[in-house]
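Chemist: Below you will find the structure I want to go over with you.
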Amino acid sequence: MFKSKEKDTVPGGTRYKALIPTIVGLGAILYLYGDDLMGIRDIEVSQRSVWALAAAIGLVVIRDLAYMARVKILSMGDPISSPSTIDTGCFRSLPLVMVL
Numbered sequence: 002m003f004k005s006k007e008k009d010t011v012p013g014g015t016r017y018k019a020l021i022p023t024i025v026g027l028g029a030i031l032y033l034y035g036d037d038l039m040g041i042r043d044i045e046v047s048q049r050s051v052w053a054l055a056a057a058i059g060l061v062v063i064r065d066l067a068y069m070a071r072v073k074i075l076s077m078g079d080p081i082s083s084p085s086t087i088d089t090g091c092f093r094s095l096p097l098v099m100v101l
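First residue of the sequence shown: 2, per our numbering; consecutive thereafter.
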């Protein structure tokens with residue numbers, strides 16, 4: 002009926018519509034676990050924990066790059082450097098991990 006000027010991120014939807022479930026989910030987490038999340042302030046950040054977090058993010062990036070290569074090898078399509086490979090959804094979990 003009405004056409005949006007935003008680029009569709011998913012078939013039949015816009016970026017705005019894709020953010021709604023994320024916001025609702027975060028709101029449910031805060032509602033259900035709000036009291037438990039207060040313990041986050043007690044966590045001590047040390048050099049070891051920073052290295053562990055960096056290693057976890059690095060492993061997620063390696064996993065996503067390997068998935069991207071796998072998709073390209075199985076599809077026998079363009080070379081791995083193609084931007085269309087990123088559109089397959091292999092980096093969906095990366096922003097969530099970077100926030101945590």
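Don't be surprised by glycine CBs; every beta carbon is placed ideally from N, CA and C.
By the 10 Å Cβ neighbour count, where 16 or more other Cβ atoms means buried, how is leucine 101 classified, buried or exposed?
Modeler: Annotation note: pLDDT 45 at leucine 101 (below 50); position unreliable, no value reported.
Chemist: Just the C-alpha distance for serine 76 and alanine 19, rounded to the nearest angstrom, thanks.
Modeler: 27 Å
Chemist: Confirm, please, whether the CB-CB distance from leucine 27 to leucine 38 is below 9 Å.
Modeler: no
Chemist: Would you tell me roughly how many angstroms separate the C-alpha atoms of arginine 42 and tyrosine 17, rounded to the nearest one?
Modeler: 32 Å
Chemist: Alpha carbon to alpha carbon, what distance is there between alanine 29 and isoleucine 21?
Modeler: 12 Å
Chemist: Helix or strand or just coil, what does DSSP make of glycine 28?
Modeler: helix
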